[in-house]
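Enquirer: Numbering (the working numbering), first residue to last: 1 to 323.
Let me give you the structure first, and then I'll get to my questions.
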């Protein structure tokens, strides 16, 4: 299945999620409505809540609580986007100006706080302590991941292990919660919960690895971001770390200097050549495919139906996407 086919079989449920999001976004404070509406409707594919919806349908679970869970997941994700764009000083996301570019940093941070706290209000309405425990832990780990990434910034001695920790914390953890909590809410056996937890974890890792490859892709503008954003910020992502380990002395010096001084865009063509000559991008793509394969293997115990097939297709798409 392609993404449009996956979206089509979950259209009714995703429409319900979107209606819930818009209802929960409502505030007496005009700026919250304005900025919140802008960021929620800025063209995202809603991949995380889609995972929740597909997992529920794969298990034949039909419950308004699943809709609320999907909305919570999207609110947490959107809050982190608002904060990330301020930290990264980004001006473009999904082909549109970022909220901080339009409304300012202060408004973006505060509306991000509103979305976080609204998500916790929604969590309590589920009246399930285990759900609250998992989601509050996930939110905390995401924050730790952002701080860890900040610490690794401009550090060319970052290890691959540390890098993988960062992407698990800041990206994969929310994917993991999005799938695992369907099993928790519907009181599935432990093996089903573990299967969905692992599916989300590996899918999220594949998704982020592919995202890091696309930072060096000519398609970056097509996906609505600036080519070389990570490089410009001195982020030591896996392609750069691999090239440092396998490049020539000149290439290693160039890349280390680019990470330390965040001046990589001045040497972009040379760095791109180094990434190609060391097969760093191919290596990272291969790692993404391996993670996607682990996600698919994790849900082998789920019932065979079109929604399980959609989850499998989503994992393939996460590793192979160009937008």
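Note that CB positions come from ideal geometry on N, CA and C, so glycine has one too.
#1: Between residue 316 and residue 289, what straight-line distance do the alpha-carbon atoms span, to the nearest angstrom?
#2: Exposed or buried, residue 175, counting other C-beta atoms within 10 Å across all chains shown (16 or more means buried)?
#3: Mind pulling the alpha helix (DSSP H) runs of 4 or more residues that sit fully within the region 246-308?
#4: Between residue 38 and residue 20, what straight-line distance do the alpha-carbon atoms span, to the nearest angstrom?
#5: Rounded to whole angstroms, how far is the Cβ of residue 274 from the Cβ of residue 232, which I believe are closer than 8 Å?
#6: How big is the Cα-Cα spacing for residue 52 and residue 154?
#7: Here's the rule: buried if 16 or more other CB atoms are within 10 angstroms of the residue's CB, otherwise exposed. What is residue 111?
#8: My output table needs one value for residue 45: the three-state DSSP class, helix, strand or coil.
#9: Rounding to the nearest angstrom, what Cα-Cα distance links residue 70 and residue 170 in this structure?
#10: Would you mind listing the beta strand (DSSP E) stretches within the region 85-148 that are 3+ residues and don't spill past its ends, in chain order?
#11: If you drop the 5 nearest sequence neighbours on each side, which residues of the same chain put their C-beta closer than 7 Å to that of residue 296?
#12: Alpha carbon to alpha carbon, what distance is there between residue 160 and residue 167?
#13: Verify whether the separation of the beta carbon atoms of residue 319 and residue 199 is less than 9 Å.
#14: Taking just the CA atoms, how far does residue 239 sit from residue 268?
#15: Does the contact criterion of 3 or more C-beta pairs under 8 Å hold for the region 53-61 versus the region 6-23?
#16: Tell me which same chain residues have a C-beta within less than 8 Å of the C-beta of residue 141, skipping the five on either side of it?
#17: With DSSP collapsed to three states, give me the class of residue 163.
#18: Which residue wins for smallest C-alpha separation from residue 41, given the options 48, 80, 217, 96?
#19: What residue from 139, 156, 30, 17 has the CA that sits closest to residue 328's CA?
#20: May I ask which residues mark the beginning and end of the alpha helix (DSSP H) holding residue 4?
#21: Please report the distance separating the alpha-carbon of residue 396 from that of residue 72.
#22: Please work out which residues of its chain come closer than 6 Å, Cβ to Cβ, to residue 375, disregarding the five sequence neighbours upstream and downstream, and give them in chain order.
#23: Am I right that residue 209 and residue 284 are in contact with their C-beta atoms under 8 Å? What's the rounded C-beta distance?
#24: With distances taken Cα to Cα, identify the nearest neighbour of residue 291 among 247, 245, 207, 278.
#25: When burial is assigned at 16 or more other CB atoms within 10 Å of the CB, is residue 147 buried or exposed?
#26: What's the call for residue 139, buried or exposed, on a 16-neighbour Cβ count within 10 Å?
#27: Specify the secondary structure class of residue 61 as computed by DSSP and reduced to three states.
#28: For residue 278, which residues in the same chain have their Cβ closer than 6 Å to its Cβ, ignoring the five residues on either side in sequence?
#29: Tell me whether residue 301 is buried or exposed, calling it buried when 16 or more other Cβ atoms sit within 10 Å of its Cβ.
#30: Residue 234 by DSSP, collapsed to three states: which one?
#31: Does the distance from the C-beta atom of residue 163 to that of residue 237 stay below 9 Å?
#32: Return the CA-CA distance between residue 131 and residue 99, expressed in angstroms with no decimal places.
#33: Which class does residue 186 belong to by DSSP, given the choice of helix, strand or coil?
#34: Using 9 Å as the threshold, is the C-beta distance between residue 257 and residue 230 below it?
#35: Look at the alpha carbon of residue 106 and the alpha carbon of residue 82, and state the distance between them as a whole number of angstroms.
Expert: This is what the structure holds:
#1: 7 Å
#2: buried
#3: 249-261, 268-277, 280-298
#4: 16 Å
#5: Rounded, the Cβ-Cβ distance is 16 Å, inconsistent with contact.
#6: 36 Å
#7: buried
#8: coil
#9: 18 Å
#10: none
#11: 312, 315
#12: 11 Å
#13: no
#14: 14 Å
#15: yes
#16: 169, 173
#17: helix
#18: 96
#19: As shown, the chain starts at 1 and ends at 323. That puts residue 328 outside it, with no answer to give.
#20: 3-9
#21: Residue 396 is absent from the structure shown; the chain starts at 1 and stops at 323.
#22: No answer is possible for residue 375: the residues shown for the chain start at 1 and end at 323.
#23: 6 Å
#24: 207
#25: exposed
#26: buried
#27: coil
#28: 243, 246, 247
#29: exposed
#30: coil
#31: yes
#32: 30 Å
#33: coil
#34: no
#35: 10 Å
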